[in-house]
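Residue numbers (this note's numbering): -14 to 921. Glycine included, each C-beta is placed from N, C-alpha and C at the ideal position. None of the values given here were measured: they were computed from a predicted structure. Let me begin by presenting the structure, written as structure tokens, before commenting on it.
Shown next as structure tokens:
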């Protein structure tokens, strides 16, 4: 290939004819539909990419290949774009300059595809290197926009729209050598193009401005009135793409800049009501997003209230299946037909997590594709949560009318009515409650309806009322209704339709979570149905059966550990377990299922434990080898196998308790686990540290020989600049350190101060960290103080206040007891270290509802009484008392006891303040005592 000549000047580069022809031929072969060996062609192109000027050839073909087909030129351009992402930084500057110069004229190319590809490449350049080093680009874009040539204007807007979408901040930044930010020059031109006679320019300009609603540069803020005027002008644009963007703009504005819309809100709502019925489904869908966005933004409900009688009928109308909805075809699919690979949705295992975590519920709607129907149902759900029972008088007459329709032609209306009941099931529960028995009695027969989509949506809607269905089982009528719902769902679990199977299994899993012990007497028939489904389902829905079985195990716990139940449950699962190879991804949900079963059965899982344990070890070993040598491993590396295996080992450890020791002692788990704790993948480390903590609880002796290595790598997870990105790893590592501390005691000494130095910054700066990491940090610090008080106490004054704040947030449990034993041990070792933090320490003590451990209770009393001899300044105790008095209304015994002890420090002083203060204390204590007696 030709080298760059003339001292590296871009303008002197010229391609060699031979190389040019060969690259073009390869591009043509790659696109040929009959081409057999695509990989060989790709390898040859990759070989050429090693030449420094290969990308120059691609730019030349793309920009100047007039004799070549548009498809070949596009292929060269897209390959150039991909190469820029991987090789831009190592590309000679002269070659970069050559490519830039060739790209700019392409914005005005006669062919629209070439213009579009040029815009894509230019946007990629800007994402990688910004615009500061390409001043010609900004000048060219402005020149094109200001021309009267439609091709040049469209080409420039295409490039700008992609830059605004991919890297909007680049244009809203100060650029050396420019008097103003680029967006200041472009935005007025965008707004002017709202009036263009060409729909493409209107669409691209509006889409570009919309990208800046979130960033809100100064120029847009100052032009807001003009922008809104433009939106109102475009509101009735003949092009659906433009109307869709108008709706998108109003949705974004209501989400993040609602004040800008406030003067125009009535007009916007009127417009959204109109386009929510737009003949173009995509426009109607974008308009429908407005109602959910309004509710989520927590804007005043009264602005929307008067429109509800018009809005709700529109939403209900849009909730009926459209005639061309793909779900109508999918719903007819025979359950006996094997699933295709593309039918299997990607699955993601959630690594094991120790602590309190706010986990969002998975989307429980059985419709997978986001469309107008689903969006309308979501909007109704939001509205019901904002307006509650207010919407029932508008909504229920329509629902009742649709439910009462007969005839096959009206099935979509009946189905939409059932969906409506599910959508309002949470927000309107108070108004529905008196009628729920009737509603459920009406729904139960619909699980056997002739139309599969009515059967499936009925399962989902019943699941939305699971809490009520379980609550009323104390009465015979409620008990009978629970059985009818349960049996209806079990029948549908064995439906021949895949869609119904999926809905029924998911609904049953929801009911299981609520029912718990109510399932005990019905376990045999439940297991029989689930195992029949296990033998009947294809691969996709089999995953949902695993989930239902795992949820059942979680719900009933040890009740499952009976021979008659295990004989139904385990043989099919073991058979499937043996059938799947170590590299089969269908093993993932089965591993998760076994995790729940092992925890539920406890020691009852012992008879199945050895082969399951060994399989997990084998999976981890295989994946460790596959990471470096896939050929020898006989499998491609997939971290999910490691994560699922680690979590199942955690489940086994939790279930078997000390019974796991014999299996651990005969394996290399300790060494494998240490490798996993150092893995590059954060979710592998997260599960590894969870297992480390579980093993520390039941068999720490088998970790002993590598204890300091485990502690060192765990401490490193707490001291990383990426703590917020890997907070779940840090959480589990922190928890594992605490579990090891209470087992190995003084052997923690070499790492105690290192760990403390990692924990204190977390407690001092908890902003942006999850609640569980803060709690585990506080508990682990206390446990370290418990086992090594002589090492920790000299430093306590540096962390007492944030530590006590964190302790006061933890619920009463055994881990909190450990932390407070550590607190008492530290105060005994260094009483003066807590003097300046007395307020915080007393609040932490008062955070207990009741300390059930008598010896800890006595230790805490001794700590408090110890300060009676310290000649405390009156003001310190006054502050403590006032703070506790403010929280005394919750009436916890420890608050009152802390209050009494502190008040007694100065009970005999003649100071008038203290005399009146003690009287207030005594009144509060007497009041509390009476309350306790009355409640008793």
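Between residue 761 and residue 719, the C-beta gap is smaller than 7 Å, which places the two residues in contact. Burial of residue 774 is indicated by the presence of at least 16 other C-beta atoms within 10 angstroms of its C-beta. In the assembly as shown, residue 651 is an exposed residue. Its beta-carbon has fewer than 16 other beta-carbons within 10 Å. Residue burial is scored here from C-beta neighbours: residue 247 has fewer than 16 other C-beta atoms within 10 angstroms and is therefore classed as exposed. With respect to the 7 Å criterion, residue 410 and residue 450 are classified as neighbours on the basis of their beta carbons. Within the model, the alpha-carbon separation for residue 41 versus residue 279 is close to 51 Å. In the DSSP annotation of this structure, the continuous segment of the alpha helix (DSSP H) that includes residue 124 starts and ends at 120 to 131. Collapsing the DSSP output to three states places residue 833 in coil.
If you draw a straight line from the Cα of residue 31 to the Cα of residue 39, it is about 10 Å long. Looking only at 150, 135 and 87, the smallest Cα-Cα distance to residue 122 is reached by 87. The shortest C-alpha to C-alpha distance from residue 266 to any of 516, 15, 849 and 307 is the one to 307. For residue 288 and residue 217, the gap between their C-alpha atoms comes out near 20 Å. The beta-carbon separation of residue 781 and residue 815, rounded to 6 Å, stays under the 8 Å limit for a contact. Assignment of residue 1 by DSSP, reduced to helix, strand and coil, places it in the coil class. When the five nearest sequence neighbours on each side are left out, the beta carbons in the same chain lying within less than 7 Å of the beta carbon of residue 421 are those of 450 and 453, in order along the chain. Distance from the CA atom of residue 845 to the CA atom of residue 766, rounded to whole angstroms, is 18 Å. With contacts defined by Cβ atoms closer than 7 Å, residue 77 and residue 37 form a contacting pair. By the neighbour-count criterion, in which 16 or more other beta carbons inside 10 Å mark a residue as buried, residue 753 falls on the exposed side. Assignment of residue 268 by DSSP, reduced to helix, strand and coil, places it in the helix class. Nearest to residue 612 by C-alpha distance, out of 665, 490 and 580, is 665.
Each of 172, 686 and 53 was checked against the Cα of residue 211, and the nearest Cα belongs to 172. In this chain, the alpha helix (DSSP H) harbouring residue 584 covers 572 to 586. DSSP, reduced to helix, strand and coil, places residue 51 outside both helices and strands of the structure shown, so it counts as coil. With at least 16 other beta carbons inside 10 angstroms of its own, residue 672 counts as buried. If you draw a straight line from the Cα of residue 226 to the Cα of residue 213, it comes to about 18 Å. The alpha helix (DSSP H) runs of length 4 or more contained entirely in the stretch 459 to 534 are, from start to end of the chain, 461 to 478, 483 to 500 and 508 to 521. When DSSP states are grouped into helix, strand and coil, residue 773 belongs to the coil group. For residue 401, same chain residues with a beta-carbon under 7 Å away, outside a window of 5 residues either side, are 301, 304, 305 and 387 in chain order. When only Cα atoms are considered, residue 698 and residue 67 end up about 38 Å apart. The stretch 546 to 564 and the stretch 511 to 522 touch, with no fewer than 3 CB-CB distances between them shorter than 8 Å.
In the three-state reduction of the DSSP assignment, residue 788 falls in the helix class, which pools H, G and I. With a threshold of 16 other beta carbon atoms within 10 Å, residue 207 falls short and is exposed. If you look at residue 711, you'll find it isn't in any alpha helix (DSSP H); DSSP assigns it neither H nor E. Residue burial annotation: residue 61 is buried, with at least 16 other C-beta atoms found within 10 angstroms of its C-beta.
Membership of residue 147 in the alpha helix (DSSP H) is indicated by the continuous run 135 to 151.
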